[in-house]
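Protein chains in written order, with my numbering: chain A, 214 to 341; chain B, 214 to 341; chain C, 214 to 341; chain D, 214 to 341. One structure is given here, and the rest of the page talks about it.
Protein chains: 4
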Amino acid sequence: MTTDAQRACFEAGIKFGSLYHQFAGTPVSPASTRSLEAAMAEAIENQPFCDAVTVDIHDDRVAEAIDHENGYTELTGSLMDVEMRIAYEGVTVRTRMAMRDGYPLMELVAVDDPTGDPDEGDEVNVDS
Amino acid sequence: MTTDAQRACFEAGIKFGSLYHQFAGTPVSPASTRSLEAAMAEAIENQPFCDAVTVDIHDDRVAEAIDHENGYTELTGSLMDVEMRIAYEGVTVRTRMAMRDGYPLMELVAVDDPTGDPDEGDEVNVDS
Amino acid sequence: MTTDAQRACFEAGIKFGSLYHQFAGTPVSPASTRSLEAAMAEAIENQPFCDAVTVDIHDDRVAEAIDHENGYTELTGSLMDVEMRIAYEGVTVRTRMAMRDGYPLMELVAVDDPTGDPDEGDEVNVDS
Amino acid sequence: MTTDAQRACFEAGIKFGSLYHQFAGTPVSPASTRSLEAAMAEAIENQPFCDAVTVDIHDDRVAEAIDHENGYTELTGSLMDVEMRIAYEGVTVRTRMAMRDGYPLMELVAVDDPTGDPDEGDEVNVDS
Numbered sequence: 214m215t216t217d218a219q220r221a222c223f224e225a226g227i228k229f230g231s232l233y234h235q236f237a238g239t240p241v242s243p244a245s246t247r248s249l250e251a252a253m254a255e256a257i258e259n260q261p262f263c264d265a266v267t268v269d270i271h272d273d274r275v276a277e278a279i280d281h282e283n284g285y286t287e288l289t290g291s292l293m294d295v296e297m298r299i300a301y302e303g304v305t306v307r308t309r310m311a312m313r314d315g316y317p318l319m320e321l322v323a324v325d326d327p328t329g330d331p332d333e334g335d336e337v338n339v340d341s
Numbered sequence: 214m215t216t217d218a219q220r221a222c223f224e225a226g227i228k229f230g231s232l233y234h235q236f237a238g239t240p241v242s243p244a245s246t247r248s249l250e251a252a253m254a255e256a257i258e259n260q261p262f263c264d265a266v267t268v269d270i271h272d273d274r275v276a277e278a279i280d281h282e283n284g285y286t287e288l289t290g291s292l293m294d295v296e297m298r299i300a301y302e303g304v305t306v307r308t309r310m311a312m313r314d315g316y317p318l319m320e321l322v323a324v325d326d327p328t329g330d331p332d333e334g335d336e337v338n339v340d341s
Numbered sequence: 214m215t216t217d218a219q220r221a222c223f224e225a226g227i228k229f230g231s232l233y234h235q236f237a238g239t240p241v242s243p244a245s246t247r248s249l250e251a252a253m254a255e256a257i258e259n260q261p262f263c264d265a266v267t268v269d270i271h272d273d274r275v276a277e278a279i280d281h282e283n284g285y286t287e288l289t290g291s292l293m294d295v296e297m298r299i300a301y302e303g304v305t306v307r308t309r310m311a312m313r314d315g316y317p318l319m320e321l322v323a324v325d326d327p328t329g330d331p332d333e334g335d336e337v338n339v340d341s
Numbered sequence: 214m215t216t217d218a219q220r221a222c223f224e225a226g227i228k229f230g231s232l233y234h235q236f237a238g239t240p241v242s243p244a245s246t247r248s249l250e251a252a253m254a255e256a257i258e259n260q261p262f263c264d265a266v267t268v269d270i271h272d273d274r275v276a277e278a279i280d281h282e283n284g285y286t287e288l289t290g291s292l293m294d295v296e297m298r299i300a301y302e303g304v305t306v307r308t309r310m311a312m313r314d315g316y317p318l319m320e321l322v323a324v325d326d327p328t329g330d331p332d333e334g335d336e337v338n339v340d341s
């Protein structure tokens, strides 16, 4: 049988894929980062088993990515950090997306299963 | 030659298509409508020649569309009204999306060309 | 430590969220289902650890969903079945999306971990 | 009153914004360009007043954009050329997206209005 911890990790992955592919490509400038962060976090928190989402879009990276006269760029994984906490049947999963060696990685940080053996994980994925 | 008014209308259409297909499908609930409205408006206002965007997501329609236990639905054209004002080389174009006979229509409302003959338009399009 | 099986499930979830939120909202008619199925499967198979994806968009459901004169609708979870096989460090995960009680469910079907105890799972998630 | 030519240009813009923001961000590799081209063209051709769409994703640019070990990249405007023909009430509009000075431009190429004065246009827009 699949375990509750495995299902919790599956749910955590769904949220990450959803957040990334729903919002990647959104026009963004330093003037619109705050509203986009809030909308992304609140949208994904609507999904089942999603306890908390924080999105940090880095204004300096956005400014640097704006390399033409129009004054905006498109949202990509390299412009933001994301953290999520998923809770499923007593199991808590923490995940994050951050830059590693120049690429945005979606990482399974920790799985806290009261009936199992929680511990710190490390990076597992490149999805950019 | 294509006229400035025609180009302004082309730009106005780009903004509508962008807004709709970037954000349709976003998980939404009455608790997250305000942040999504703000993010949509500010994101599209980043695009060139886009003077103003207002997005109104109707909480009552969102609540009605939530027909299962998870407490959220996905954003579609039937849940919101959108108005935009585009300015290109002195021409101002006003557009909106609203429900007509049960379907969301993207409409070219008015083209104000100081060198031409501005007037009120009427509904022109179904893109849902 | 997070286990390989947990990481495989996280990866499987990422693929499902990606597929859904990249392609939901795409204009679709019975004339364009085959090309959309192929593009969705091949696009997601590009992602790491993704062995196989099959997408079946049901022409009859698409035809039924076209309720206005324009002759097309937008892709949603209720119009298709999806199956995926993910492979991560020797662990194989099978997932699917199909209708359950009128809603599309993303399900963790089976986790085959040669070092663990593989078995059939059951439905775990509603993400529509 | 808004003219048929203006409305045709508005429709043309909608199609471009839709195509771009629906499909930008899709995972793509040289192995999946053909299916993605076909799906994009057929999807947008479903929309009203859209006579013809051609999408050319350049395999060499895709290969060049794959700068990490995963073997895929995300679709952006710089990887493709797009041409569209829109027909509205006897007016034909031709549009394209192509690289200009290193940026993808959406251009209104020509408006052919039998009751007006058709001619070649030139580049009008940067929406990337």
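All residues carry an ideal CB built from backbone N, CA and C; glycine is no exception.
Outcome for residue i when other beta-carbon atoms lying within 10 angstroms are tallied against a minimum of 16
i, result
"C/Arg220", "buried"
"B/Glu282", "exposed"
"B/Met253", "buried"
"D/Met214", "exposed"
"C/Ala237", "buried"
Sequence-distant residues of its chain with Cβ nearer than 7 Å to residue i (five each side left out)
i, result
"C/Phe262", "Glu224, Ile299, Ala300 and Tyr301"
"B/Thr286", "Val241, Val275, Ala278 and Ile279"
"C/Ala268", "One detail in the question is off: residue 268 of chain C reads as Val in this sequence, not Ala. Contacts found: Glu250, Met253, Ala254, Met293 and Val295."
"C/Pro331", "Low per-residue confidence applies at C/Pro331: pLDDT is 46, beneath 50, and the placement is therefore not dependable, though the value from the model is reported in the following sentence. Result list for C/Pro331: Ala323, Val324 and Asp325, in chain order."
"C/Pro327", "Gly303"
"D/Ala218", "Val304, Val324, Asp326 and Gly329"
"A/Thr216", "none"
Residue i and residue j closer than 8 Å at C-beta
i, j, result
"D/Ala278", "D/Asp294", "no"
"C/Tyr233", "C/Gly303", "no"
"D/Thr246", "D/Asp272", "yes"
"C/Gln260", "D/Thr239", "no"
"C/Ser248", "D/Ala244", "no"
"C/Thr305", "C/Asp325", "yes"
"A/Ile270", "A/Ser231", "no"
"D/Cys222", "B/Gly226", "yes"
Proximal chain B residues relative to residue i, where beta-carbon distance stays under 7 Å
i, result
"A/Ser242", "Asn259"
"D/Met319", "Ile227"
Partners in chain C for residue i, counting only beta-carbon separations shorter than 7 Å
i, result
"B/Gly238", "His234, Ala237 and Gly238"
Under 7 Å by beta carbon: chain D residues contacting residue i
i, result
"B/Ala225", "Phe223 and Gly226"
"C/Ser245", "Glu255, Ala256 and Asn259"
Where residue i meets chain A, residues with beta-carbon distance less than 8 Å
i, result
"B/Leu249", "Ala252, Glu255 and Ala256"
Where residue i meets chain B, residues with beta-carbon distance less than 8 Å
i, result
"A/Tyr285", "Asn259 and Gln260"
"D/Gly230", "Gly226, Ile227, Lys228, Phe229, Gly230, Ser231, Leu232, Tyr233 and His234"
Chain B residues whose Cβ lies nearer than 9 Å to that of residue i
i, result
"D/Thr204", "Outside the shown range of chain D (214 to 341) lies residue 204 of chain D, about which nothing can therefore be said."
Partner residues on chain C for residue i, Cβ-Cβ distance less than 9 Å
i, result
"A/Val268", "Those do not exist, as A/Val268 stays about 15 Å from chain C at its closest Cβ, beyond 9 Å."
Close-in-space but distant-in-sequence residues of the same chain around residue i (CB under 6 Å, 5 per side omitted)
i, result
"B/Met297", "Lys228, Val266 and Thr308"
"D/Asp264", "Arg298 and Ala300"
Near the ligand HEM: residue i beta-carbon under 7 Å from a heavy atom
i, result
"A/Ala311", "This structure does not include the ligand HEM; it has no bound ligands of any sort."
Beta-carbon neighbours of residue i, restricted to chain C and to distances below 8 Å
i, result
"A/Thr289", "The contacting residues do not exist; A/Thr289 stays about 14 Å from chain C at best."
Under 7 Å by beta carbon: chain A residues contacting residue i
i, result
"C/Val324", "Thr215 and Gln219"
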